[in-house]
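Number of protein chains: 2
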Amino acid sequence: MTTPHCRQLTCEVISIGDEMTTGARLDTNAQWLSQRVGELGVTVKFHSTVGDTLADNVDVFRIAAARADIVVATGGLGPTRDDLTREALAAVVDRPLEMRESAMKHIESMFARRQRPMPERNSVQAMFPVGSDEVFNPQGTAPGIDLAVDRTGKPASRIFALPGVPAEMKRMFDETVAPRIAAMSGGGSRIRHAVMKFFGTGESDMEQRLGEMISRDREPRVGITVSGATISLRITATADTDETCDAMIAQTRQEILRLVPEFYFGDGESFEQQHAIEARLRARDESLAVIELGRAAVLGDWFASLGDSPAYRGGLSLATRNDLVQMFAASDFSDAVDQVRTKFGSSWVLLVDAYPALDVASDTPLPAADVKILAIGPDGKKQPFELTIGGHPDILHARIGKSAMAWLRELLN
Amino acid sequence: MTTPHCRQLTCEVISIGDEMTTGARLDTNAQWLSQRVGELGVTVKFHSTVGDTLADNVDVFRIAAARADIVVATGGLGPTRDDLTREALAAVVDRPLEMRESAMKHIESMFARRQRPMPERNSVQAMFPVGSDEVFNPQGTAPGIDLAVDRTGKPASRIFALPGVPAEMKRMFDETVAPRIAAMSGGGSRIRHAVMKFFGTGESDMEQRLGEMISRDREPRVGITVSGATISLRITATADTDETCDAMIAQTRQEILRLVPEFYFGDGESFEQQHAIEARLRARDESLAVIELGRAAVLGDWFASLGDSPAYRGGLSLATRNDLVQMFAASDFSDAVDQVRTKFGSSWVLLVDAYPALDVASDTPLPAADVKILAIGPDGKKQPFELTIGGHPDILHARIGKSAMAWLRELLN
Numbered sequence: 001m002t003t004p005h006c007r008q009l010t011c012e013v014i015s016i017g018d019e020m021t022t023g024a025r026l027d028t029n030a031q032w033l034s035q036r037v038g039e040l041g042v043t044v045k046f047h048s049t050v051g052d053t054l055a056d057n058v059d060v061f062r063i064a065a066a067r068a069d070i071v072v073a074t075g076g077l078g079p080t081r082d083d084l085t086r087e088a089l090a091a092v093v094d095r096p097l098e099m100r101e102s103a104m105k106h107i108e109s110m111f112a113r114r115q116r117p118m119p120e121r122n123s124v125q126a127m128f129p130v131g132s133d134e135v136f137n138p139q140g141t142a143p144g145i146d147l148a149v150d151r152t153g154k155p156a157s158r159i160f161a162l163p164g165v166p167a168e169m170k171r172m173f174d175e176t177v178a179p180r181i182a183a184m185s186g187g188g189s190r191i192r193h194a195v196m197k198f199f200g201t202g203e204s205d206m207e208q209r210l211g212e213m214i215s216r217d218r219e220p221r222v223g224i225t226v227s228g229a230t231i232s233l234r235i236t237a238t239a240d241t242d243e244t245c246d247a248m249i250a251q252t253r254q255e256i257l258r259l260v261p262e263f264y265f266g267d268g269e270s271f272e273q274q275h276a277i278e279a280r281l282r283a284r285d286e287s288l289a290v291i292e293l294g295r296a297a298v299l300g301d302w303f304a305s306l307g308d309s310p311a312y313r314g315g316l317s318l319a320t321r322n323d324l325v326q327m328f329a330a331s332d333f334s335d336a337v338d339q340v341r342t343k344f345g346s347s348w349v350l351l352v353d354a355y356p357a358l359d360v361a362s363d364t365p366l367p368a369a370d371v372k373i374l375a376i377g378p379d380g381k382k383q384p385f386e387l388t389i390g391g392h393p394d395i396l397h398a399r400i401g402k403s404a405m406a407w408l409r410e411l412l413n
Numbered sequence: 001m002t003t004p005h006c007r008q009l010t011c012e013v014i015s016i017g018d019e020m021t022t023g024a025r026l027d028t029n030a031q032w033l034s035q036r037v038g039e040l041g042v043t044v045k046f047h048s049t050v051g052d053t054l055a056d057n058v059d060v061f062r063i064a065a066a067r068a069d070i071v072v073a074t075g076g077l078g079p080t081r082d083d084l085t086r087e088a089l090a091a092v093v094d095r096p097l098e099m100r101e102s103a104m105k106h107i108e109s110m111f112a113r114r115q116r117p118m119p120e121r122n123s124v125q126a127m128f129p130v131g132s133d134e135v136f137n138p139q140g141t142a143p144g145i146d147l148a149v150d151r152t153g154k155p156a157s158r159i160f161a162l163p164g165v166p167a168e169m170k171r172m173f174d175e176t177v178a179p180r181i182a183a184m185s186g187g188g189s190r191i192r193h194a195v196m197k198f199f200g201t202g203e204s205d206m207e208q209r210l211g212e213m214i215s216r217d218r219e220p221r222v223g224i225t226v227s228g229a230t231i232s233l234r235i236t237a238t239a240d241t242d243e244t245c246d247a248m249i250a251q252t253r254q255e256i257l258r259l260v261p262e263f264y265f266g267d268g269e270s271f272e273q274q275h276a277i278e279a280r281l282r283a284r285d286e287s288l289a290v291i292e293l294g295r296a297a298v299l300g301d302w303f304a305s306l307g308d309s310p311a312y313r314g315g316l317s318l319a320t321r322n323d324l325v326q327m328f329a330a331s332d333f334s335d336a337v338d339q340v341r342t343k344f345g346s347s348w349v350l351l352v353d354a355y356p357a358l359d360v361a362s363d364t365p366l367p368a369a370d371v372k373i374l375a376i377g378p379d380g381k382k383q384p385f386e387l388t389i390g391g392h393p394d395i396l397h398a399r400i401g402k403s404a405m406a407w408l409r410e411l412l413n
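Chains as they are written, first to last, in full-length UniProt numbering: chain A, 1 to 413; chain B, 1 to 413.
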């Protein structure tokens, strides 16, 4: 089942379920798996999605095993009659299904733990094609299947079939499938990741400045993804020990920080600018309130979600400056902002004036417009920042909120 | 190119681009197209995604044309060397590409309209496989391609290749591709849609109560989709005239309202509960402010986005009841809420107490917890509603906000 070290391995990702082919559900598993598999130095060449029909599943698995060295499939491993992945795999290698004792014990123990009797139909989840291996599922009753499919003239293709539930699938991939793929590529069986986050520039500018850093054959690999104008760089190192991986990652981090120091704000997949701001405020023993004018209030939701923190006091959203002045019976706009700082008892106020209205039904980018950002610090000084911004309605409000946070971060440094 | 009326047509959706196979971008086109194609009574059996490699594209199109009656592809129609769909299609039918004058004129006019010179390379976008038809693109320079691929023993497979830009792709599908598919199925060339929105029950309960209404072979078809616990029913009628379509839709709407009257809140793809509330408030000449306590502030953003409306006054978000009392130097919680109503000058206040904290990095459902909703009306009466709610962290805050809106809608009826 091993392949020579030097060969560039290819992969196909398969998603199984009528809910995807009918469009009832958006498939996010294929994207996640493509990123993870790519980080291991394996080229994902195809995705395929197929409904809950046995003949179609057999076809899709046959085509995939013929054209890809590694196949990672999700879905079709549940206990119902719709779940056909076990049968399809058995048909692909023309071998029967057999009961796997270890899997049966695990399924029984999952029901025992939940203090529920095991329905008879769940025993089908312990059936495996003869000659396949188990992929342990610590969170659910559906074990995964690891099956080699012989091919004439080239090494066997390796199929990993995982459940479609994202939480189960992700953990099984990281814990079991990724090390097995890394072993196939010969790059060492330990895999370590680090994620660095950036805001303030576009993807193509970032790619240009990083140059060779994001080349596919570099070690460790650096992957770039963008979500709502926030850029994530994910560093993946494979080696024989965690220590070697970590040393490789540390050096790559240094190089990245040398190339693009100014847009970096922190580390970790779910680390956002509000977390960076919260940490800075805590370190300074200060706090923040936000005022959002216009047709959105994204900062209020993001900061509220920080969890119990003395650094965030609350948020206020209103349509216009005039509404703000009226609400506090203030003498003018400046007085109203000062009053907000007093009422919320915060050292800082961050104000967005104003989010533009979006036509929610439209996919058309909005023309650039001026947005005023105002940060009021502990000394009461009002520091303005003007933004000219347009773009796709899906992310325009988020980009404005994030630009406001970038301005506040600059003042907090 | 026509197929007999009675045959159940099948479809494959193809997405083209390295940005999808590497996982850099999430493919949402395939889901959108699957819904639209399904509404026309055609069964989508497969999705395939392929990178920017000619041989792989040719393979994917060959497999698709062999196993599906209709193929809808997106991507690969730009002017750069990465854009290979034209070449791939020519290879599939083994015919050369030829310059199409009408397409060339359109591309030139698009550049003339933007007052920019046309780069030489854009002329490649006017190249079509011999024997193919154009799919007009009113918004961009990339025309689509409509190509029949002959098959032995069955009718030709029909490939529609569209650009990957969602706004262009969607309009071209609705305006040109959908009528051509409807003509293939023999159901009449006019297509009309209606979308009804529901909140307050789960997808499976909805399916059970709708029964035969959502059967695939019913006319007009009713499709069900769920987004953040809001259920959309999309009715699609095809007939020879718009009037016949509309009459069919009207009757189906009546039947649906008879089966599930209590969760319905309005019509239209982007119509949400906040729009229903805004309309009710305007009709009553009343207005609303929201208070959100805890670890989210989703209502503030949703209501702010309504656009200039006298019916929404603003939102306030704070961590705890105690913060609210302190902010207004109130005697107690009840007094603080009254003061908010006065300060915002609103007839109603809707309060959520409180959104639970989420572990953002986790995919694990949260256990059910109590959340208190409070609505204060024009008469100052405080009307409480208690919710016990848990579930997936991705949508839990949204579900709580939507449940609060459902409570307010009830009081406004």
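From the three backbone atoms N, C-alpha and C, an ideal C-beta is built for every residue, glycine too.
Interface flag, residue i vs chain A, CB-CB below 9 Å
i                         : result
alanine 196 of chain B    : In the sequence as presented, alanine is not what sits at residue 196 of chain B; that position holds methionine. Not closer than 9 Å to any Cβ of chain A, the Cβ of methionine 196 of chain B fails to qualify, so no.
glutamate 219 of chain B  : no
alanine 73 of chain B     : no
leucine 233 of chain B    : no
methionine 327 of chain B : yes
tryptophan 348 of chain B : no
heavy atom of the ligand MG below 8 Å from residue i C-beta
i                        : result
glutamate 286 of chain A : This structure lacks the ligand MG, and indeed carries no ligand of any kind.
For residue j and residue i, the rounded distance between their alpha carbons
i                            : j                            : result
leucine 318 of chain B       : phenylalanine 333 of chain B : 13 Å
aspartate 301 of chain A     : aspartate 301 of chain B     : 8 Å
alanine 398 of chain A       : valine 298 of chain A        : 7 Å
proline 179 of chain B       : arginine 190 of chain B      : 7 Å
arginine 409 of chain A      : isoleucine 389 of chain A    : 19 Å
histidine 5 of chain B       : glycine 211 of chain A       : Note that histidine 5 of chain B scores 44 on pLDDT, short of 50, meaning its location in the model is unreliable and no value can be drawn from it.
phenylalanine 198 of chain A : aspartate 52 of chain B      : 28 Å
alanine 289 of chain A       : isoleucine 277 of chain A    : 12 Å
residue 437 of chain A       : tryptophan 32 of chain A     : Absent from the model: residue 437 of chain A. The displayed extent of chain A is 1 to 413, so no value can be given.
leucine 358 of chain A       : arginine 295 of chain A      : 8 Å
glycine 345 of chain B       : tyrosine 264 of chain B      : 30 Å
isoleucine 249 of chain A    : isoleucine 63 of chain B     : 42 Å
glutamine 273 of chain A     : tyrosine 355 of chain A      : 19 Å
glutamate 384 of chain A     : leucine 374 of chain A       : First, the amino acid is wrong: residue 384 of chain A is proline here, not glutamate. Cα to Cα, the separation comes out at about 4 Å.
leucine 366 of chain A       : leucine 396 of chain A       : 8 Å
proline 220 of chain B       : leucine 162 of chain B       : 27 Å
threonine 2 of chain A       : glycine 131 of chain A       : Low local confidence applies: a pLDDT of 39 at threonine 2 of chain A is under 50, so the model's placement there is unreliable, and no value is given.
aspartate 59 of chain B      : alanine 112 of chain B       : 37 Å
leucine 306 of chain B       : glycine 223 of chain B       : 27 Å
For residue i, the residue or residues it bridges with in DSSP
i                         : result
valine 50 of chain A      : A:Ile16 and B:Phe46
glutamine 383 of chain A  : A:Ala375
tryptophan 348 of chain A : A:Leu288
Rounded Cβ spacing between residue i and residue j (contact assumed at less than 8 Å)
i                         : j                         : result
arginine 216 of chain B   : methionine 184 of chain B : So it is not a contact: roughly 17 Å between Cβ atoms.
arginine 151 of chain B   : alanine 66 of chain B     : 7 Å
isoleucine 291 of chain A : leucine 324 of chain A    : 7 Å
Any chain B beta carbon closer than 9 Å to residue i
i                         : result
tyrosine 312 of chain A   : yes
glutamate 255 of chain A  : no
aspartate 267 of chain A  : no
methionine 20 of chain A  : yes
arginine 399 of chain A   : no
methionine 213 of chain A : no
aspartate 150 of chain A  : no
histidine 193 of chain A  : no
histidine 47 of chain A   : yes
isoleucine 277 of chain A : no
Which listed residue (the options) has its alpha carbon closest to that of residue i
i                         : options                                   : result
glutamate 134 of chain A  : A:Met172, A:Arg114 and A:Ser109           : A:Met172
glutamine 254 of chain A  : A:Ala64, A:Ala194, A:Glu292 and A:Phe385  : A:Ala194
glycine 187 of chain A    : A:Ala354, A:Gln8 and A:Arg86              : A:Gln8
isoleucine 145 of chain B : B:Ala126, B:Gly153, B:Gly345 and B:Ala156 : B:Ala126
threonine 10 of chain B   : B:Leu412, B:Lys45 and B:Glu168            : B:Lys45
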